[in-house]
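Peer 1: Before I ask anything, let me first share the structure, which is written out below as structure tokens.
Protein chains: 2
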Amino acid sequence: MLIATPQSMHFAAALPLQSGKAIRDYDLSFETYGELNADHSNAVLVCHALNASHHVAGVYKGQDKSEGWWDNMIGPGKPVDTNRFFVIGVNNLGSCFGSTGPMHINPETGRVYGADFPVVTVEDWVDSQARLLDALGISTLAAVLGGSLGGMQALSWALQYPQRVRHAVVVASAPNLTAENIAFNEVARRAIVTDPDFHGGHFYQHGVTPKRGLRIARMIGHITYLSDDVMNEKFGRQLRRALDEVASGDGSYHYSTLDVEFEIESYLRYQGDKFAEYFDANTYLLITRALDYFDPARAFGGNLSQALARATAKFLLVSFTTDWRFAPQRSREIVKALLNSRRHLSYAEIDAPHGHDAFLLDDVRYIGVMRSYFESIAKELDGTEASAGASA
Amino acid sequence: MLIATPQSMHFAAALPLQSGKAIRDYDLSFETYGELNADHSNAVLVCHALNASHHVAGVYKGQDKSEGWWDNMIGPGKPVDTNRFFVIGVNNLGSCFGSTGPMHINPETGRVYGADFPVVTVEDWVDSQARLLDALGISTLAAVLGGSLGGMQALSWALQYPQRVRHAVVVASAPNLTAENIAFNEVARRAIVTDPDFHGGHFYQHGVTPKRGLRIARMIGHITYLSDDVMNEKFGRQLRRALDEVASGDGSYHYSTLDVEFEIESYLRYQGDKFAEYFDANTYLLITRALDYFDPARAFGGNLSQALARATAKFLLVSFTTDWRFAPQRSREIVKALLNSRRHLSYAEIDAPHGHDAFLLDDVRYIGVMRSYFESIAKELDGTEASAGASA
Numbered sequence: 108m109l110i111a112t113p114q115s116m117h118f119a120a121a122l123p124l125q126s127g128k129a130i131r132d133y134d135l136s137f138e139t140y141g142e143l144n145a146d147h148s149n150a151v152l153v154c155h156a157l158n159a160s161h162h163v164a165g166v167y168k169g170q171d172k173s174e175g176w177w178d179n180m181i182g183p184g185k186p187v188d189t190n191r192f193f194v195i196g197v198n199n200l201g202s203c204f205g206s207t208g209p210m211h212i213n214p215e216t217g218r219v220y221g222a223d224f225p226v227v228t229v230e231d232w233v234d235s236q237a238r239l240l241d242a243l244g245i246s247t248l249a250a251v252l253g254g255s256l257g258g259m260q261a262l263s264w265a266l267q268y269p270q271r272v273r274h275a276v277v278v279a280s281a282p283n284l285t286a287e288n289i290a291f292n293e294v295a296r297r298a299i300v301t302d303p304d305f306h307g308g309h310f311y312q313h314g315v316t317p318k319r320g321l322r323i324a325r326m327i328g329h330i331t332y333l334s335d336d337v338m339n340e341k342f343g344r345q346l347r348r349a350l351d352e353v354a355s356g357d358g359s360y361h362y363s364t365l366d367v368e369f370e371i372e373s374y375l376r377y378q379g380d381k382f383a384e385y386f387d388a389n390t391y392l393l394i395t396r397a398l399d400y401f402d403p404a405r406a407f408g409g410n411l412s413q414a415l416a417r418a419t420a421k422f423l424l425v426s427f428t429t430d431w432r433f434a435p436q437r438s439r440e441i442v443k444a445l446l447n448s449r450r451h452l453s454y455a456e457i458d459a460p461h462g463h464d465a466f467l468l469d470d471v472r473y474i475g476v477m478r479s480y481f482e483s484i485a486k487e488l489d490g491t492e493a494s495a496g497a498s499a
Numbered sequence: 108m109l110i111a112t113p114q115s116m117h118f119a120a121a122l123p124l125q126s127g128k129a130i131r132d133y134d135l136s137f138e139t140y141g142e143l144n145a146d147h148s149n150a151v152l153v154c155h156a157l158n159a160s161h162h163v164a165g166v167y168k169g170q171d172k173s174e175g176w177w178d179n180m181i182g183p184g185k186p187v188d189t190n191r192f193f194v195i196g197v198n199n200l201g202s203c204f205g206s207t208g209p210m211h212i213n214p215e216t217g218r219v220y221g222a223d224f225p226v227v228t229v230e231d232w233v234d235s236q237a238r239l240l241d242a243l244g245i246s247t248l249a250a251v252l253g254g255s256l257g258g259m260q261a262l263s264w265a266l267q268y269p270q271r272v273r274h275a276v277v278v279a280s281a282p283n284l285t286a287e288n289i290a291f292n293e294v295a296r297r298a299i300v301t302d303p304d305f306h307g308g309h310f311y312q313h314g315v316t317p318k319r320g321l322r323i324a325r326m327i328g329h330i331t332y333l334s335d336d337v338m339n340e341k342f343g344r345q346l347r348r349a350l351d352e353v354a355s356g357d358g359s360y361h362y363s364t365l366d367v368e369f370e371i372e373s374y375l376r377y378q379g380d381k382f383a384e385y386f387d388a389n390t391y392l393l394i395t396r397a398l399d400y401f402d403p404a405r406a407f408g409g410n411l412s413q414a415l416a417r418a419t420a421k422f423l424l425v426s427f428t429t430d431w432r433f434a435p436q437r438s439r440e441i442v443k444a445l446l447n448s449r450r451h452l453s454y455a456e457i458d459a460p461h462g463h464d465a466f467l468l469d470d471v472r473y474i475g476v477m478r479s480y481f482e483s484i485a486k487e488l489d490g491t492e493a494s495a496g497a498s499a
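Quick look at the structure:
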């Protein structure tokens, strides 16, 4: 069993951000799985999505079961085989799982950042990840890999550091958000920001957290992660109890606007409650904004082909038919733009029922595509290592 | 120009409700347009959806422009021609536009109903509308007509009072909500109920209204009323100002998690603010619950064909291709069930870009379908009136 050990790296030097601001004296939490090979060529960076972290795979000492968010994908003998690859998971700046975020002390003021944490973008995250790789002695990645918002980081890696990326694996992602995507993010943010316990983002000093808003945000999120079909299949219109069950002394039935009546309500409330206990409200704002802003074509007048022409990596793109948050159509836009630039790419559109969540699940065809792609990367590496050995 | 005059009817006798409870001493607000003919055969009942009212068409004295929610559909020379038909718009029980609702006095207690207003269902609304028709001397409707939740009422009319309905026109509706529909309703309700200003539904006596929750509810609603395409077309990823516009003395740019950055955010916030000023929070809970509960097939073990076999009306069903809230698939379920029962029906699937909102808009083909259907009803009436005259 893969044993994971959280690590942390301190960066004293200021990191310039896209906003024109900078952040200094920050820490990045990360984990690594497998061994870096002699020529440092087998590193795979895994980028995380909204509520995930650097804990991608494996178990912490004493755990029976992995809580890694991509443990089905990464480990010994798994599609991203840690017997072949040196895998790095890193928690993004502004997150709430160890890397410096809004709940930490701002060295400029000596006070908790709160709402003053600078706005960070996908590009900023990639820059911070590049510094981490520098510190780890990794100049080139065998692959950068991510799903959803993680896929945007993988795509951006290929644009910001084309020479440092051999393969970019972009799963269930998009070249930017649609208006509808932004709309869902905005409603979630408004729910958080207008929660009286938000206190303009400085709730830490009030000893409260805006849980009402976080619950609503998470409920909205969950609706968009699942497909209509899988929701119907899992919950349908199943009532928690029969409508004609007598409720009270006057012989009336259970009809209620406030109680949980349908199974889907129970599921959403549970997910909302759980999330509100551990997630940071300012982080939610930061991460959804990073999603909103991401748009590599913006600087090219909306021309994605021109934007992606900088990339030299080989690409694997994967989408899922029932994903309506980041629909296959959006992956196809990336595919088309890469084809226009005559880039090397593979694309798999997986017929899976689970909506956006499919990228975290065990669809056989999806897992198979990932496995064979990483096997081919490993073979490329064997070739390189062999020739490196021969020339030595 | 059609002049509308709001009217009100008092009902002293208790109306038994599906919940086993009852409501007495209630009022229904309504409006009528056109003239009831001699044999009272030309009445058309219009049922409203979530946030609409009895003010369906025309202007109030002194108004230049109609605020009727279906003024494009109903009036002199319009598809539902008030020169031929006597059209009735009625505000549903529990609403906040005149009919008795949660903001009124409960005769049992002498206090404002608030959260104690009984849960009302689509079936209850139909029963209350039937009593109004009784009072107006109308035994049979030439047609009952509604979109969305209004369409559910039209469908339920054909099942509860088959002998009183000649035509049922069901637009952009469904035989029940999907789990996803219920999920959106539930998030909206949670936003309202967890607003500290909700006070368990008894906010009136605190002199506040749960506006934060209502805003969120309305924003969620608006996302589901529009299609992804029309949102992209109307708002796209349009930023309110350039990202590289310098914001402050330190030379940094406008990047913000709290400010409005994209046009879609501005639109949603505006819609939310407007709604929170006029809509009642308890009404929102009641109406979304009526949507959730509606499921005429439930009593038939989910067999919609059996459920609809009671209907004797002729049906027109209309759906819109980009409506993902009440997708064409849902209308087709009704069509299929009616075909199984060998009912007389017409069905139009309109290729319109506007999503669920299309049922309120001026799509040429849609308006044409409605016009020709109501012309055929008018011709039927002419035949009946002529033969009635001949036999007299």
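Protein sequences appear in the order of chains A and B. Add 107 to the 1-based position in the first sequence for the numbering used here, that's all there is to it. Add 107 to the 1-based position in the second sequence for the numbering used here, that's all there is to it. For every residue, glycine included, the Cβ atom is placed at its ideal position computed from N, Cα and C.
Look at the alpha carbon of B/Arg347 and the alpha carbon of B/Asn179, and state the distance between them as a whole number of angstroms.
Peer 2: Walking along the second sequence from the start, residue 347 of chain B turns up at place 240. Walking along the second sequence from the start, residue 179 of chain B turns up at place 72. Approximately 33 Å, taken between the alpha carbons.
Peer 1: Using three-state DSSP, classify B/Gly208 as helix, strand or coil.
Peer 2: By 1-based counting over the second sequence, the position of residue 208 of chain B is 101. Coil at B/Gly208, not helix or strand.
Peer 1: Taking only beta carbons into account, state which residues of the segment 277-299 of chain B come closer than 8 Å to chain A, listed in chain order.
Peer 2: Cβ contacts with chain A: Asn283, Leu284, Thr285, Ala286, Glu287, Ile289, Ala290, Phe291, Glu293, Val294, Arg296, Arg297, Ala298.
Peer 1: With a 10 Å radius around its C-beta and 16 neighbouring C-beta atoms as the bar for buried, classify B/Thr112 as buried or exposed.
Peer 2: The sequence position of residue 112 of chain B within the second sequence is 5, counting from 1. Its Cβ having fewer than 16 others within 10 Å, B/Thr112 is exposed.
Peer 1: Going by CA-CA distance only, name the one from A/Ala444, A/Tyr400, A/Gly475, A/Phe192 that's closest to A/Ser412.
Peer 2: Position 305 of the first sequence, counting from 1, holds the residue named residue 412 of chain A. For A/Ser412, the nearest C-alpha among the options comes from A/Ala444.
Peer 1: Answer with buried or exposed for A/Lys168, where buried requires no fewer than 16 other C-beta atoms within 10 angstroms of its C-beta.
Peer 2: Here residue 168 of chain A corresponds to residue number 61 of the first sequence, with the count starting at 1. When all chains shown are included, A/Lys168 counts as exposed.
Peer 1: How would you write the range of the alpha helix (DSSP H) that B/His329 sits in, first residue to last?
Peer 2: Translated into positions along the second sequence, residue 329 of chain B becomes position 222. Segment 318-332, the alpha helix (DSSP H) holding B/His329.
Peer 1: So, with DSSP's three-state summary, where would you put A/Tyr480?
Peer 2: What you label residue 480 of chain A is simply residue 373 of the first sequence in a count that begins at 1. Residue state, collapsed to three classes: helix.
Peer 1: Tell me the DSSP secondary structure of A/Lys421 in three-state form.
Peer 2: On the first sequence, position 314 is the one that residue 421 of chain A refers to. The answer is strand: DSSP assigns A/Lys421 an E or B state.
Peer 1: Since B/Asn363 contacts A/Val226 with CB under 8 Å, what's their CB separation in whole angstroms?
Peer 2: One-based indexing of the second sequence puts residue 363 of chain B at position 256. One-based indexing of the first sequence puts residue 226 of chain A at position 119. Rather than Asn, the amino acid found at residue 363 of chain B in this sequence is Ser. Yes, B/Ser363 and A/Val226 are in contact; Cβ-Cβ is about 7 Å, under 8 Å.
Peer 1: By Cβ distance below 7 Å, which residues in the same chain neighbour A/Asn389 in space, the five residues on each side in sequence not counted?
Peer 2: Within the first sequence, the letter at position 282 stands for residue 389 of chain A. Around A/Asn389: Pro209, Gly221, Ala222, Phe224, Gly308.
Peer 1: Mind checking who A/Pro123 pairs with in its DSSP beta bridge?
Peer 2: The residue you call residue 123 of chain A lines up with position 16 of the first sequence. Per DSSP, A/Ala129.
Peer 1: Should B/Ala290 and B/Gly320 be called a contact, given that it needs their Cβ atoms to be closer than 8 Å?
Peer 2: As a working mapping, residue 290 of chain B is identified with position 183 in the second sequence. As a working mapping, residue 320 of chain B is identified with position 213 in the second sequence. Result no, Cβ atoms of B/Ala290 and B/Gly320 do not sit closer than 8 Å.
Peer 1: Any residues in the segment 366-380 of chain A with a beta carbon nearer than 9 Å to a beta carbon of chain B? Which ones, in chain order?
Peer 2: Here the close residues are Val367, Glu368, Phe369, Glu370, Ile371, Glu372, Tyr374, Leu375, Arg376, Gly379.
Peer 1: Between B/Ile327, B/Asp336, B/Ser448, B/Thr395, which lies nearest to A/Ala434 when the distance is taken from Cα to Cα?
Peer 2: Within the first sequence, residue 434 of chain A is the residue found at index 327, counting from 1. Closest option to A/Ala434, Cα to Cα, is B/Asp336.
Peer 1: With respect to the beta strand (DSSP E) encompassing A/Glu456, which residues constitute its N-terminal and C-terminal limits?
Peer 2: Position 349 of the first sequence, counted from the start, is the residue given in the question as residue 456 of chain A. Counting along the chain, the beta strand (DSSP E) containing A/Glu456 begins and ends at 452-457.
Peer 1: Taking B/Ala414 as the reference, give the member of B/Ala459, B/Val197, B/Ser448 with the closest Cα.
Peer 2: Within the second sequence, the letter at position 307 stands for residue 414 of chain B. B/Ala414 has its Cα closest to that of B/Ser448, out of B/Ala459, B/Val197, B/Ser448.
Peer 1: Helix, strand or coil: which one does DSSP assign to B/Thr139?
Peer 2: Here the question's residue 139 of chain B lines up with position 32 in the second sequence. Strand.
Peer 1: Starting from A/Val277 and walking both ways along the beta strand (DSSP E), at which residues does that stretch end?
Peer 2: For the purposes of this step, residue 277 of chain A is taken as residue 170 along the first sequence, with counting starting at 1. 274-278 is the span of the beta strand (DSSP E), which, as asked, contains A/Val277.
Peer 1: I believe B/Asp194 touches B/Thr139 by the beta-carbon criterion, under 8 Å. Please report the beta-carbon distance rounded to the nearest angstrom.
Peer 2: Position 87 of the second sequence, counted from the first residue, corresponds to residue 194 of chain B. Position 32 of the second sequence, counted from the first residue, corresponds to residue 139 of chain B. The sequence shown places Val at residue 194 of chain B, rather than the Asp named in the question. Rounded, the Cβ-Cβ distance is 7 Å, consistent with contact.
Peer 1: Look at B/Gly165 and B/Gly182 and say whether their C-beta atoms are less than 8 Å apart.
Peer 2: In the second sequence, counting from the first residue as 1, residue 165 of chain B sits at position 58. In the second sequence, counting from the first residue as 1, residue 182 of chain B sits at position 75. Result yes, Cβ atoms of B/Gly165 and B/Gly182 sit closer than 8 Å.
Peer 1: Looking at the secondary structure, which residues open and close the alpha helix (DSSP H) in which A/Asp236 lies?
Peer 2: As a first step, residue 236 of chain A must be located in the first sequence, where it is residue number 129. Checking the sequence shown, residue 236 of chain A turns out to be Gln, not Asp. 229-243 is the extent of the alpha helix (DSSP H) around A/Gln236.
Peer 1: Round the Cβ separation of A/Tyr374 and A/Phe407 to the nearest angstrom and send it over; I've been treating them as touching at under 8 Å.
Peer 2: Along the first sequence, one-based indexing puts residue 374 of chain A at 267. Along the first sequence, one-based indexing puts residue 407 of chain A at 300. Between A/Phe407 and A/Tyr374 the Cβ distance is about 42 Å, and since that is not below 8 Å, they are no contact.
Peer 1: Could you pull out every residue in the same chain whose Cβ sits closer than 7 Å to the Cβ of A/Asn292, ignoring the five residues on either side in sequence?
Peer 2: The sequence position of residue 292 of chain A within the first sequence is 185, counting from 1. These residues qualify, in order along the chain: Thr395, Leu398, Asp399.
Peer 1: Can we say the segment 122-136 of chain A touches the segment 145-159 of chain A, given the rule of at least three CB pairs closer than 8 Å?
Peer 2: Too few Cβ pairs lie closer than 8 Å, so no.
Peer 1: Decide if B/Asn190 is buried, meaning its Cβ has at least 16 other Cβ atoms within 10 Å, or exposed.
Peer 2: Stepping through the second sequence from its first residue, residue 190 of chain B is reached at position 83. That one is exposed.
Peer 1: Out of B/Ala485, B/Trp431, B/Ala420, B/Tyr377, which one is the CA nearest neighbour of B/Tyr268?
Peer 2: Taking the first residue of the second sequence as position 1, residue 268 of chain B is located at position 161. Minimum Cα distance to B/Tyr268 is reached at B/Ala420.
Peer 1: Counting pairs of beta carbons, one from the segment 211-219 of chain A and one from the segment 231-240 of chain A, are three or more of them closer than 8 Å?
Peer 2: The segment 211-219 of chain A vs the segment 231-240 of chain A: no contact.
Peer 1: What's the C-alpha gap between A/Ser479 and A/Asp489?
Peer 2: Translated into positions along the first sequence, residue 479 of chain A becomes position 372. Translated into positions along the first sequence, residue 489 of chain A becomes position 382. Going by the C-alpha atoms only, they are around 15 Å apart.
Peer 1: Please classify B/Gln436: does DSSP put it in a helix, a strand, or coil?
Peer 2: Translated into the one-based positions of the second sequence, residue 436 of chain B becomes position 329. Looking at B/Gln436 - three-state DSSP - the assignment turns out to be helix.
Peer 1: What in chain A is Cβ-close to B/Arg348, meaning under 7 Å?
Peer 2: As a first step, residue 348 of chain B is located in the second sequence; it is residue number 241 there, counting from the start. By Cβ distance, chain A contributes nothing, its closest Cβ being about 13 Å from B/Arg348, past 7 Å.
Peer 1: Do you know how far the Cα of A/Gly314 is from the Cα of B/Gly217?
Peer 2: On the second sequence, position 110 is the one that residue 217 of chain B refers to. On the first sequence, position 207 is the one that residue 314 of chain A refers to. Near 42 Å, if we compare the C-alpha coordinates of A/Gly314 and B/Gly217.
Peer 1: If the cut is a Cβ gap below 7 Å, which residues of chain A does B/Ser126 touch?
Peer 2: Stepping through the second sequence from its first residue, residue 126 of chain B is reached at position 19. Within chain A, the residues near B/Ser126 are Ser359, Tyr360, Tyr362.
Peer 1: If you run the structure through DSSP and keep just helix, strand and coil, what is B/Ala290?
Peer 2: Start at 1 with the first residue of the second sequence, and residue 290 of chain B comes out as number 183. Reduced to three states, the DSSP call for B/Ala290 is helix.
Peer 1: Over what stretch of residues does the alpha helix (DSSP H) that includes A/Ala265 continue unbroken?
Peer 2: One-based indexing of the first sequence puts residue 265 of chain A at position 158. 256-267 is the extent of the alpha helix (DSSP H) around A/Ala265.
Peer 1: Assuming B/Phe466 contacts B/Phe427 under a Cβ cut-off of 8 Å, what Cβ separation, rounded to an integer in Å, is found between them?
Peer 2: The sequence position of residue 466 of chain B within the second sequence is 359, counting from 1. The sequence position of residue 427 of chain B within the second sequence is 320, counting from 1. With 8 Å as the limit, B/Phe466 and B/Phe427 qualify as a contact, their Cβ atoms being about 7 Å apart.
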